[in-house]
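S.K.: Following this message is one structure expressed as structure tokens.
Numbering (our numbering), first residue to last: 18 to 326.
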């Protein structure tokens, strides 16, 4: 008599990949929600970036104090890494939204988001000894081509003027660098550090940094016109609070290069949602790019299943 098949839990690497990909998909919903706020003309992109941190941080601090009331960070090195993650998160928000203002959404996405996996993979080599393999190189190439096709399929980026590019290019690359450093710092945290506390503390640091440096004195909530407050509540809760808890939990289980590649699920999700909810064109090239992005992420995950090198 045949024995019944037993269900097996996913490997730690697969679980980590699912957590990071889930976080990236949640990040992708922020663009659709932000669009509703833009249409009501109640807040700028940078103000939304500040308030998503400012609203999520106290919520997570209170939740962490209730669920995990022990000491949030043990040791100076984890504390320093957590503070660095918060500063990098603020730097990413400021750089990315400044690049959007200078070059437009599509071009800023190409310059900032598309370079994150490349920088992460290159920087992980000297920091953690994670030498990029041929499979990682193939995945990165497929991801870059796929990202270009997705953006082109949705209409393509409008080429900015020389002045816009001079400002937007360094801002976008600075944002990409900040997120790559954030990813590497998260990988360096001890396994016993609670991701809930990590998220709460890093978001608090990011909110304070943005409040003091980027938006001094301009801390009032935007007026509640139309869907502004519900959309802002969604952005603070799901693509920020929940997503970063998932991201930090997954980082300890996958390699830096894989995490960087899985982050590209964010623009993929954003473009598909824009097609579904706003009728934006994706086109044949866009769908081909989406398939390439999925293939790149599949390559990265299969590498994790075979063991990190």
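C-beta: ideal position from N, C-alpha, C; glycine also.
If we ignore side chains and look at the alpha-carbon of each, how far apart do residue 205 and residue 40 end up?
M.R.: So the two alpha carbons sit approximately 19 Å from each other.
S.K.: Are there three or more Cβ pairs, one per stretch, closer than 8 Å when the region 144-163 is compared with the region 78-90?
M.R.: Contact between the region 144-163 and the region 78-90 is absent, because fewer than three Cβ pairs lie under 8 Å.
S.K.: Hey, could you find the ends of the alpha helix (DSSP H) residue 94 is sitting in?
M.R.: From DSSP, the alpha helix (DSSP H) with residue 94 extends over 93-120.
S.K.: Just verifying my parser: in three-state terms, what is the DSSP assignment at residue 183?
M.R.: Reduced to three states, the DSSP call for residue 183 is helix.
S.K.: Check whether the region 152-171 touches the region 60-76, counting contact only when three or more Cβ pairs, one atom from each stretch, lie closer than 8 Å.
M.R.: No, because fewer than three Cβ pairs between the region 152-171 and the region 60-76 fall closer than 8 Å, the two stretches do not touch.
S.K.: In chain order, what are the residue ranges of uninterrupted alpha helix (DSSP H) at least 4 long that sit wholly in the region 188-255?
M.R.: You should have 212-226, 245-253.
S.K.: Residues in the same chain with beta-carbon distance under 6 Å from residue 87, minus the five sequence neighbours each way, listed in chain order, please.
M.R.: Excluding sequence neighbours, residue 87 sits near nothing in its chain.
S.K.: Are the region 191-204 and the region 112-119 touching by the rule of at least three beta carbon pairs closer than 8 Å?
M.R.: Touching, yes.
S.K.: Which residues mark the beginning and the end of the alpha helix (DSSP H) in which residue 286 is found?
M.R.: Looking at the DSSP string, the run of the alpha helix (DSSP H) that includes residue 286 is 282-295.
S.K.: Would you say the region 41-50 touches the region 251-262, given that touching needs at least three Cβ pairs under 8 Å?
M.R.: Segments in contact, yes.
S.K.: For residue 98, which of 78, 74, 202 has the nearest alpha-carbon?
M.R.: Out of 78, 74, 202, 202 has the C-alpha closest to the C-alpha of residue 98.
S.K.: Return the CA-CA distance between residue 104 and residue 272, expressed in angstroms with no decimal places.
M.R.: Their backbone Cα atoms lie some 22 Å apart in a straight line.
S.K.: Give the straight-line distance between the Cα atoms of residue 55 and residue 277, rounded to the nearest whole angstrom.
M.R.: Each residue's Cα considered, the two are about 29 Å apart.
S.K.: For residue 117, collect the residues of the same chain with a Cβ closer than 7 Å to its Cβ; drop the 5 residues on either side in sequence, then sort them by chain order.
M.R.: Contacts found: 62, 125.
S.K.: Give me the residue from 298, 287, 302, 77 with the minimum Cα distance to residue 52.
M.R.: Minimum Cα distance to residue 52 is reached at 287.
S.K.: Quick one: what's got a C-beta closer than 6 Å to residue 211's C-beta in the same chain, skipping five residues either side?
M.R.: So the list reads 85, once near-sequence residues are dropped.
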